[in-house]
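Structure first, then comments.
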Amino acid sequence: MEKLSVNGVSMDTIGIALGAECIVFGLLAIFVLARPLVSGNCKPDTLMHIKLKGHIKSKEAKEILANLNKKGGNRLRAWGCILIAIGVFVALSDMGEHYKMVYIIAFAPLLLLVPVLQTWMYASARLR
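Under the numbering used here, the first residue of the sequence shown carries the number 3, and numbering increases by one thereafter.
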């Protein structure tokens with residue numbers, strides 16, 4: 003069977019590039035974004051602190067924000083691992099057979115918005 007190519011670049015190369023993209027974004031999510039959130043090394047968000055300040059005592063507000071950061075960091079880690087798994091799968095698979103998946107996999111790093119939305123929904127429900 004003849005290998006598919008796009009502008010002279012084989013689909014295997016495209017699969018490896020897309021897999022590397024997913025792996026890099028997953029590693030960035032885990033080690034750069036999630037690590038400070040989980041360890042508590044980041045400052046509380048000032049907008050959330052202002053929102054909480056009127057309703058709760060300052061010490062309780064800091065505890066709630068630290069809890070939100072920890073939950074958000076853990077979710078970001080989980081979705082980063084999922085993105086790395088997708089990247090490994092794509093890098094090792096033959097994209098020539100599934101060339102339409104290239105368009106979907108190219109936007110796979112947008113999966114990192116899922117934990118952001120989950121944390122936002124959790125915070126909205128918790129702060130009511």
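C-beta atoms are modelled at their ideal positions from N, C-alpha and C, and glycine is treated no differently.
Per DSSP, reduced to three states, the secondary structure at Y101 is coil, with no helix or strand assignment. By the criterion of a C-beta distance shorter than 6 Å, I88 is surrounded in its chain by C24 and A110, once the five residues flanking it on both sides are discounted.
CA-to-CA, the gap between I107 and I32 works out to about 19 Å. In the displayed model, C24 falls within a helix according to three-state DSSP. Setting aside the 5 residues that flank it on each side, G75 is surrounded in the same chain by A36, L39 and V40, each with a C-beta closer than 6 Å to its C-beta; the list follows chain order. Measuring C-alpha to C-alpha distances from R128 to each of N69, F91 and S95 identifies N69 as the nearest. V116 is not a Cβ neighbour of R79, given a cutoff of 9 Å. A residue is called buried once 16 or more other Cβ atoms fall within 10 Å of its Cβ, and F27 is buried on that count. For F109, the secondary structure class from DSSP, reduced to helix, strand or coil, is coil.
W81 sits buried, since 16 or more C-beta atoms from the chains shown fall within 10 Å of its C-beta.
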